[in-house]
Amino acid sequence: MSDKQRPSSLRGASLPRWTPWAIAAGSLAVAIVLGLAGGLHSRVQWGLIAAVLFVLGTYGVTARVEGRRQAKDRVVTSLVWVAFLIALVPLVSLVWVTVKRGVKVLDPYFLTHSMGVVADTEPGGGIYHAIIGSLEQVGLATLIGAPVGVLTAIYLVEYGRGALARSVTFFVDVMTGIPSIVAGLFILSLMLMTKTQPFGFAGSLALAILMMPVVVRSTEEMLKLVPNELREASLALGVPKWRTILKVVLPTSLGGITTGIVLAIARIAGETAPVLLLVFGNPFINTNPFEGAQSSLPLYIYQQYANSAGEGAAYDRAWAASLTLIAFVMILNLAARGIARWKAPKTGR
Amino acid sequence: MDISTQHTDAAASPGAPGPAAHQRAARAVARPGDRIFIGLTRGSGILLLVIMAAIAVFLTYRACLAISDDHGNFLTTFEWNTGLTPPSFGIAVLVYGTVVSSVIAMAIAVPVAVAIALFLTHYAPRRLSGPIAYVIDLLAAVPSIVYGLWGALILVPHMNGLFGWLDKYLGWTGIFSWNGGAPRSMLTVGILLAIMILPIITNVSREVFRQVPRMHEEAALALGATRWEVIRMSVLPFGRSGVISASMLGLGRALGETMAVATVLSPTFEIKASLLDSGGGTFAQNIASKFSEATEFGRDALIASGLVLFVITLLVNGAARLIIARRKEYSGANA
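As structure tokens, then:
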């Protein structure tokens, strides 16, 4: 603090509000001059020089005028901003590239035709078979994973006591961290024992394993939000506990539970590894998830990419399928948030 | 759980005098419907435990089949030849690759994610922070295969400049020397993994930082602290365990990531001294790449490597849970 210079002032000298902008403009100008003089072609290098100059300049100027503590504060502020902006670059680039490359071949034809008689190097073909496979596998996984997850959450919140509940809680936590490929290997080991060939439902089982812990966690949070007074009011009227849960607790938290399930679906819809091991991939339309290899959107993307050498028709199809998959996942996410907002549980507090 | 105790009490008949009678009454009201419902819910809880146990048992069983026929040392052999007549395979390369790529990812992602979380909670204009947090939430849901495609198309070519620079100035260390090949190496994989786990770590850290009691921060401000001092003295100590567990969650993702690594890395079964030369492999990537041409024995060998990955992720997750449990009230990591 510069109390020595201005003993009468409560606040030390402070820089005007436009200082950061001025320093930013100055360092950018110097960086461009340096870049041109030093013959640096990459704009990224210019940007880096400007960023370093900005941080140093901010520290120097602020330390002179406002003191070391303020200077440190300003440097951290600029570092935090820089971290944010740097992190934004790949994330924005990802979305941009996917959209730009994806729209090339994405049209109604692409969505309604399979790869049945189309060689990987030829243009044409589509993802109809992959969409069918994805919907069936994810749908079946949800039919298994969502009820088990919700029931487990009900057990943990409404009944759970003692060692069993504690170990279930712990293993749900641990299960959240299982890599998807390990879930795939588990089902694969079962298939090796029973000598089964790849089929869609095997993939569903692995996806259900990945889905359960996510549903349990989100449902638990939602059930805990239901005010106790509601339960007590219902029980006081003589309603059995199971009917209280079904008729009072679940309807109250239905919005949140649905949101959690939809988010879990969005997560498993993008899983490639277990599908690669268990469902195998199939260029033809196979609507029966219980027999024969199927395809799925993420698997289709991977296989088209692997067969493409980074260019050509297969590569374009991989990107178009990526755009479809991202759009699907995003729509699910937005829907989940919509449900959450629409049916937000009243906490009663 | 005290909630359920209250319920049982509430459901008990009103005339129950002592604790013993209380207990008996509580048991007496269990109707058939109740019994079925409890059975269903408890059954699905037990089902989860059974699945976890089954994963461990079946992976171990198949892994034992493979390892007992392994003529190399499963832990130290530097090759993966399951098709040869005396098969010889080992996980040394995979352990190295998995650990190195995850450590690089953590070293990059954790500081940046904490900075972004601080940005969203303490620096960004209110109006901006909501939508940004929302977008980062969405990015956490982008499938990993799409990150892989993006990495192969955009990230890999952009690495050339960085690798040249590192080789020029830090090549003497050996770790950063570059033979000029395609930059599909451990460092590229680490950077891609960092980008992928950034949204998750950011989200959880943000939740933790939001829970810092307002009073702590205001007290520090009232003492004349600058914003950075407030963060250092009240926000970071409060959020430390939450950030650690968030990082562990990210680490778990990075360890098990399959498709992004498989699309970006050009795998070889060797340990490269330099992080910049392409080659190496990770558990998950090795399983995905070797699976299609593997025989049944080869699949068992891959299952054996998957078992090791499973154990590693269990240890990491267990550690994270212990840290959270120690300071449960501060944790936002239960999403």
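Protein chains in written order, with the working numbering: chain A, 15 to 363; chain B, 11 to 345.
C-beta: ideal position from N, C-alpha, C; glycine also.
Q) Along chain A, in chain order, which residues have C-beta atoms closer than 8 Å to that of B:Tyr-44? A) Tyr is not the amino acid found at residue 44 of chain B; the sequence shown has Asp there. Result: Pro-254, Lys-255 and Trp-256.
Q) Mind listing which residues of the stretch 338 to 349 of chain A have their C-beta closer than 9 Å to chain B's C-betas, in chain order? A) Leu-339, Ile-340, Val-343, Met-344, Leu-346, Asn-347 and Leu-348
Q. Which full runs of the alpha helix (DSSP H) of 4+ residues lie inside the stretch 112 to 182 of chain B, going along the chain?
A. Taken in chain order, the whole alpha helix (DSSP H) runs of length 4 or more contained in the stretch 112 to 182 of chain B are 136 to 149, 154 to 160 and 166 to 180.
Q) Can a CB atom of chain A be found closer than 8 Å to the CB of B:Thr-305? A) no
**Q.** Proximity test, Cβ basis, 8 Å: A:Ser-218 and chain E
**A.** The displayed structure is made up of protein chains A and B, and chain E is not among them.
Q) For B:Gly-140, does the count of other Cβ atoms within 10 angstroms reach 16, so buried, or fall short, so exposed? A) exposed
Q: Would you verify that the beta carbon of B:Gly-266 is, or is not, closer than 8 Å to some beta carbon of chain A?
A: yes
Q.
I'd like to know if B:Ala-162 contacts chain A, where contact means its C-beta is closer than 8 Å to some C-beta of that chain.
A. For B:Ala-162, the nearest CB of chain A lies under 8 Å from its own CB, placing it at the interface with that chain.
(Q) Considering only their Cβ atoms, is the gap separating B:Gly-328 from A:Leu-178 smaller than 8 Å? (A) no
(Q) Taking 8 Å as the threshold (beta carbon to beta carbon), is B:Thr-183 in contact with chain A? (A) no
Q | Anticipated Cβ contact below 8 Å, A:Asp-87 with B:Thr-131, distance rounded | A | With 8 Å as the limit, A:Asp-87 and B:Thr-131 do not qualify as a contact, their Cβ atoms being about 16 Å apart.
Q: Take A:Ser-41 and list the residues in its own chain whose beta-carbon comes closer than 6 Å to its own, dropping the five residues that flank it on each side.
A: Hits under 6 Å: Ala-64, Leu-67, Phe-68 and Gly-71.
Q. Just to confirm, are A:Leu-170 and A:Thr-190 a CB contact at a threshold of 8 Å?
A. no
(Q) By the 7 Å beta-carbon criterion, what residues does the stretch 264 to 293 of chain A contribute toward chain B? (A) Those residues of the stretch 264 to 293 of chain A that come within reach of chain B (Cβ to Cβ, closer than 7 Å) are Ala-280, Arg-281, Gly-284, Thr-286, Ala-287, Leu-290 and Leu-291.
Q. Under 8 Å, do A:Thr-91 and A:Leu-29 count as touching if we go by C-beta distance?
A. no
Q.
How far does the alpha helix (DSSP H) with A:Ala-65 in it extend, from its first residue to its last?
A. 57 to 79
Q.
Could you compute how far the alpha carbon of B:Val-105 sits from the alpha carbon of B:Ser-111?
A. 10 Å
Q) Do A:Met-236 and A:Ile-271 come within 8 Å of each other at the CB atom, strictly closer than that value? A) yes
(Q) Applying the 10 Å Cβ sphere with the 16-neighbour rule, what's the burial state of A:Phe-298? (A) exposed
Q: Look at the Cβ atom of A:Thr-233, then the Cβ atom of A:Ala-167, and state whether they are nearer than 8 Å.
A: yes
Q. Is it true that the CB of A:Ile-158 sits closer than 8 Å to the CB of A:Ser-218?
A. yes
Q. Which term fits B:Trp-90, buried or exposed, when burial requires 16 or more other beta carbons within 10 angstroms of its beta carbon?
A. buried
Q | Contact with chain B by A:Phe-98, beta-carbon distance below 8 Å | A | yes
Q: Apply the 10 Å Cβ neighbour rule to A:Gly-130 and answer buried if 16 or more other Cβ atoms are within range, or exposed otherwise.
A: With fewer than 16 other Cβ atoms within 10 Å, it is exposed.
Q: Just the chain B side, please: which residues come within less than 8 Å of A:Leu-7 by C-beta, in chain order?
A: This structure cannot settle anything about residue 7 of chain A, because the visible part of chain A is limited to 15 through 363.
Q. Looking at B:Asp-80 and B:Phe-99, is the spacing between their C-beta atoms short of 8 Å?
A. yes
Q: Sort A:Ala-350, A:Ala-349 and A:Phe-342 by Cα distance to A:Leu-125 and report the nearest one.
A: A:Phe-342
Q.
Measuring only the C-alpha atoms, how far is B:Arg-216 from B:Ala-127?
A. 5 Å
**Q.** Interfacial residues, the stretch 71 to 86 of chain A to chain B, with Cβ spacing under 8 Å
**A.** Arg-83, Gln-84 and Lys-86
Q.
On a Cα-Cα basis, can you pick out the residue from A:Gly-74, A:Ala-27, A:Ala-97 and A:Leu-105 that is closest to A:Glu-2?
A. Since the displayed chain A opens at 15 and closes at 363, residue 2 of chain A lies outside it and no answer follows.
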